[in-house]
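Engineer: Chains as they are written, first to last, in the numbering used here: chain A, 2 to 195; chain B, 2 to 195.
C-beta: ideal position from N, C-alpha, C; glycine also.
Fair warning: this is a prediction, and the values are worked out from it, not measured in the lab.
There are 2 protein chains.
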Amino acid sequence: MPQASSSYHHGDLRAACLRAARDLLEEDGSAGLSLRAVARRAGVSATAPYRHYADRDALVSAVAAEGYRELAEHLAAAHPSPKTPDELASVAVAYVRFALDRPAMFRVMFAEPCDPNSEERVAATAAISGYVRGIVHATFPGSDPDALSTTVWALVHGLAFLHLDGKLDSSTPEAVDAQVRAAVQALFSVSAAR
Amino acid sequence: MPQASSSYHHGDLRAACLRAARDLLEEDGSAGLSLRAVARRAGVSATAPYRHYADRDALVSAVAAEGYRELAEHLAAAHPSPKTPDELASVAVAYVRFALDRPAMFRVMFAEPCDPNSEERVAATAAISGYVRGIVHATFPGSDPDALSTTVWALVHGLAFLHLDGKLDSSTPEAVDAQVRAAVQALFSVSAAR
DNA sequence: CCTACAATGTGTACAGCGTTCACATTAAAC
DNA sequence: GTTTAATGTGAACGCTGTACACATTGTAGG
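#1: Can you confirm whether the stretch 66–76 of chain A touches the stretch 121–141 of chain A when touching is taken to mean that 3 or more C-beta pairs between the two stretches lie within less than 8 Å?
#2: Determine, using beta carbons only, whether residue 58 of chain A comes closer than 8 Å to chain B.
#3: Tell me where the alpha helix (DSSP H) around residue 28 of chain A begins and ends.
#4: By the 10 Å Cβ neighbour count, where 16 or more other Cβ atoms means buried, how is residue 168 of chain A classified, buried or exposed?
#5: Would you say residue 105 of chain A reaches chain B, if we count a Cβ-Cβ gap shorter than 8 Å as a contact?
#6: Tell me the DSSP secondary structure of residue 181 of chain A in three-state form.
#7: Rounded to the nearest angstrom, what separates residue 34 of chain A and residue 22 of chain A at their Cα positions?
#8: Between which residues of its own chain and residue 139 of chain B is the CB-CB distance below 8 Å, once the five residues before and five after are set aside?
#9: Check for me: the alpha helix (DSSP H) holding residue 94 of chain B runs from which residue to which?
#10: What is the DSSP secondary structure of residue 107 of chain B, counted as helix, strand or coil?
#11: Determine whether the Cβ of residue 130 of chain A lies closer than 8 Å to any Cβ atom of chain B.
#12: Comparing the C-beta of residue 168 of chain A with each C-beta of chain B, is any distance below 8 Å?
#13: Output, in chain order, the set of chain A residues within a Cβ distance shorter than 9 Å of residue 138 of chain B.
#14: Rounded to whole angstroms, how far is the Cβ of residue 111 of chain A from the Cβ of residue 166 of chain B, which I believe are closer than 8 Å?
#15: How would you list, in chain order, the residues of chain A whose beta-carbon sits under 7 Å from the beta-carbon of residue 155 of chain B?
#16: Would you be able to state if there are at least three C-beta pairs under 8 Å between the stretch 16–30 of chain B and the stretch 176–185 of chain A?
#17: Chain B beta carbons: is any one of them nearer than 8 Å to that of residue 111 of chain A?
#18: So what's residue 44 of chain B in DSSP terms, helix, strand or just coil?
#19: Please classify residue 11 of chain B as buried or exposed, where buried requires at least 16 neighbouring CB atoms within 10 angstroms.
#20: Could you say which of A:46, A:75, A:184 and A:91 lies nearest to residue 146 of chain B if we only look at CA atoms?
#21: Where does residue 113 of chain A fall in DSSP's three states?
#22: Evaluate residue 150 of chain A with the Cβ neighbour count: other Cβ atoms within 10 Å of its Cβ, from every protein chain shown; 16 or more gives buried, anything less gives exposed.
#23: Buried or exposed: residue 142 of chain A, going by 16 or more other Cβ atoms within 10 Å of its Cβ?
#24: Where does the unbroken alpha helix (DSSP H) through residue 132 of chain B begin, and where does it stop?
#25: By the 7 Å beta-carbon criterion, what residues does the stretch 23–45 of chain A contribute toward chain B?
#26: Of all the CB atoms in chain B, is at least one closer than 8 Å to the CB of residue 148 of chain A?
#27: Just checking: is the beta-carbon of residue 173 of chain A within a distance shorter than 8 Å of some beta-carbon in chain B?
#28: Please report the distance separating the alpha-carbon of residue 90 of chain B from that of residue 46 of chain B.
#29: Can you find a CB in chain A that lies within less than 8 Å of the CB of residue 48 of chain B?
#30: Among A:24, A:187 and A:95, which one has its Cα closest to the Cα of residue 133 of chain A?
#31: Could you pull out every residue in the same chain whose Cβ sits closer than 6 Å to the Cβ of residue 25 of chain A, ignoring the five residues on either side in sequence?
#32: Taking the C-alpha atoms as reference points, what is the distance between residue 164 of chain B and residue 156 of chain A?
#33: In whole angstroms, what is the alpha-carbon distance linking residue 51 of chain B and residue 30 of chain A?
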């Protein structure tokens with residue numbers, strides 16, 4: 002664990018860049034997330050971050066990966082191990098709420114195609130995907146977990162984006178919660194019925 | 002309808018910029034969509050487009066608005082007036098297919114928040130929203146059209162984005178179609194049952 | 001037909017961006 | 001203690017969006 006002993010070497014520039022990038026993202030949106038601004042905020046020259054990130058995309062990917070981890074924590078905090086449709090709906094509500102609370106972060110996480118990107122990032126999304134599938138499996142052991150989890154993820158993801166884009170009524174958190182909950186439960190009542 | 006009589010005045014730079022922007026978007030993705038590149042392609046100086054678009058965002062918004070119109074046409078072409086869940090599923094398939102065929106355009110359409118943006122753009126999205134609601138209402142006259150149409154739109158929108166981000170199996174168009182169709186019909190069988 | 005005016009396109013300029021490269025400084029390894 | 005690898009600096013290039021003064025042209029009024 003390096004320390005900032007001198008004033009030349011930063012000590013932990015990698016982490017400092019990530020932190021600065023996250024702060025800039027919250028303050029100015031994704032437009033303000035420039036490598037130079039990150040370097041300025043970290044109190045370092047404009048090109049120093051290149052020692053830790055190959056290019057801007059690499060930094061953004063790192064931020065996105067952190068976002069995935071935080072999203073996973075946020076969902077787990079909503080309910081540790083949901084087993085009923087109602088508990089699962091709570092997780093869905095947490096998903097949408099995460100998107101509305103950190104819109105810029107959420108957009109970065111799902112902005113550009115991340116297929117050929119950092120392995121860290123695809124692993125993080127795979128973790129989310131598996132997490133959702135596990136919940137669905139626990140909630141509905143009988144049904145096909147792959148198909149059902151895809152459907153519920155898409156529904157919740159779509160709700161998040163439509164709210165983010167102002168296409169739906171996001172006036173009060175309660176309205177958002179109720180809508181998400183209703184949509185998820187409607188989706189699940191069919192597989193529970195058969 | 003202006004004509005390009007001289008070589009100084011372009012004739013219809015506004016339309017030419019839109020066209021160039023769309024072409025650049027398809028070729029190089031949203032990263033290649035710069036005002037200067039648009040001007041170059043239109044064979045005009047770098048600052049000429051400012052006579053027709055206030056700034057880059059205005060041009061992008063115009064492109065997005067055109068995308069909304071084309072999406073509406075694309076959906077209508079899938080089925081002019083769907084009245085059964087199966088016909089509605091065809092429209093959903095067309096929605097996702099549109100996103101996968103023009104990924105950069107689709108991302109532009111749903112990228113930045115468009116609330117305070119051009120009136121043209123919000124009107125276009127309102128048209129889409131109303132269109133979906135009309136279809137849902139025609140398909141299920143009994144149920145609450147607002148809630149149901151929101152749910153189905155979110156589901157389809159989410160499927161489109163997850164496919165776009167490589168989170169789902171998009172290997173063959175048939176696989177995508179089948180998945181979308183299954184998801185939509187699962188969603189609707191519940192409101193048909195009651 | 002001629003002239004004034006509004007519309008439209010040009011050229012220059014500035015600041016900011018991502019990125020490269022040679023160089024400086026420091027920590028770590030031998 | 002000296003060598004070496006890691007890390008940070010500075011200048012530089014080409015790109016970007018945008019503002020500004022200016023040039024050119026279509027058009028309306030006389």
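Structural biologist: In short:
#1: yes
#2: Mapped onto the first sequence, residue 58 of chain A falls at position 57. No, residue 58 of chain A does not count as interfacial toward chain B.
#3: Position 27 of the first sequence holds residue 28 of chain A. Taken as a continuous stretch (DSSP letters only), the alpha helix (DSSP H) holding residue 28 of chain A covers 14–29.
#4: Counting from 1 along the first sequence, the entry for residue 168 of chain A is found at position 167. With 16 or more Cβ atoms within 10 Å of its Cβ, residue 168 of chain A is classed as buried.
#5: Mapped onto the first sequence, residue 105 of chain A falls at position 104. No, residue 105 of chain A lies away from the interface with chain B (no Cβ there is under 8 Å from its Cβ).
#6: Position 180 of the first sequence, counted from the start, is the residue given in the question as residue 181 of chain A. DSSP places residue 181 of chain A in helix when its eight states are reduced to three.
#7: Mapped onto the first sequence, residue 34 of chain A falls at position 33. Mapped onto the first sequence, residue 22 of chain A falls at position 21. If I take the Cα positions, the gap works out to 6 Å.
#8: Here residue 139 of chain B refers to the residue found at position 138 when the second sequence is read from its first residue. For residue 139 of chain B, where only same-chain residues beyond five positions count, the Cβ hits under 8 Å are 82, 83 and 84.
#9: Here residue 94 of chain B refers to the residue found at position 93 of the second sequence. From DSSP, the alpha helix (DSSP H) with residue 94 of chain B extends over 86–102.
#10: For the purposes of this step, residue 107 of chain B is taken as residue 106 along the second sequence, with counting starting at 1. Note: residue 107 of chain B maps to helix in three-state DSSP.
#11: The sequence position of residue 130 of chain A within the first sequence is 129, counting from 1. Interface residue, yes.
#12: Taking the first residue of the first sequence as 1, we reach residue 168 of chain A at position 167. Yes, residue 168 of chain A counts as interfacial toward chain B.
#13: Indexing the second sequence from 1 puts residue 138 of chain B at position 137. Result: empty, since nearest Cβ-Cβ is about 17 Å, beyond 9 Å.
#14: One-based indexing of the first sequence puts residue 111 of chain A at position 110. One-based indexing of the second sequence puts residue 166 of chain B at position 165. The pair is a contact, with the Cβ atoms about 6 Å apart (cut-off 8 Å).
#15: Walking along the second sequence from the start, residue 155 of chain B turns up at place 154. Per Cβ cutoff of 7 Å: 156, 159, 160, 163 and 184.
#16: no
#17: Translated into the one-based positions of the first sequence, residue 111 of chain A becomes position 110. Interface residue, yes.
#18: Translated into the one-based positions of the second sequence, residue 44 of chain B becomes position 43. Three-state DSSP puts residue 44 of chain B in coil, outside helix and strand.
#19: Walking along the second sequence from the start, residue 11 of chain B turns up at place 10. With 16 or more other Cβ atoms within 10 Å, it is buried.
#20: Within the second sequence, residue 146 of chain B is the residue found at index 145, counting from 1. Checked all of A:46, A:75, A:184 and A:91; the closest Cα to residue 146 of chain B is A:184.
#21: Against the first sequence, residue 113 of chain A aligns to sequence position 112. Correct three-state label for residue 113 of chain A: coil.
#22: Taking the first residue of the first sequence as 1, we reach residue 150 of chain A at position 149. Answer is buried; the Cβ neighbour count reaches 16.
#23: Walking along the first sequence from the start, residue 142 of chain A turns up at place 141. So residue 142 of chain A counts as exposed.
#24: The sequence position of residue 132 of chain B within the second sequence is 131, counting from 1. Looking at the DSSP string, the run of the alpha helix (DSSP H) that includes residue 132 of chain B is 120–140.
#25: none
#26: Within the first sequence, the letter at position 147 stands for residue 148 of chain A. Judged by the 8 Å Cβ criterion, residue 148 of chain A is in contact with chain B.
#27: In the first sequence, the residue the question calls residue 173 of chain A occupies position 172. Residue 173 of chain A does not count as touching chain B.
#28: Locating residue 90 of chain B in the second sequence gives position 89, counting from the first residue. Locating residue 46 of chain B in the second sequence gives position 45, counting from the first residue. If you take the alpha carbons of residue 90 of chain B and residue 46 of chain B, they lie about 47 Å apart.
#29: Position 47 of the second sequence holds residue 48 of chain B. No - not a single Cβ of chain A is within 8 Å of the one on residue 48 of chain B.
#30: Position 132 of the first sequence holds residue 133 of chain A. Of the listed residues, the one whose Cα sits closest to residue 133 of chain A is A:95.
#31: To locate residue 25 of chain A, count along the first sequence from 1; it is residue 24. Taken in chain order, the residues that qualify are 33, 34 and 38.
#32: For the purposes of this step, residue 164 of chain B is taken as residue 163 along the second sequence, with counting starting at 1. For the purposes of this step, residue 156 of chain A is taken as residue 155 along the first sequence, with counting starting at 1. Near 13 Å, if we compare the C-alpha coordinates of residue 156 of chain A and residue 164 of chain B.
#33: Reading the second sequence from its first residue, position 50 is the one you call residue 51 of chain B. Reading the first sequence from its first residue, position 29 is the one you call residue 30 of chain A. C-alpha separation (whole angstroms): 25 Å.
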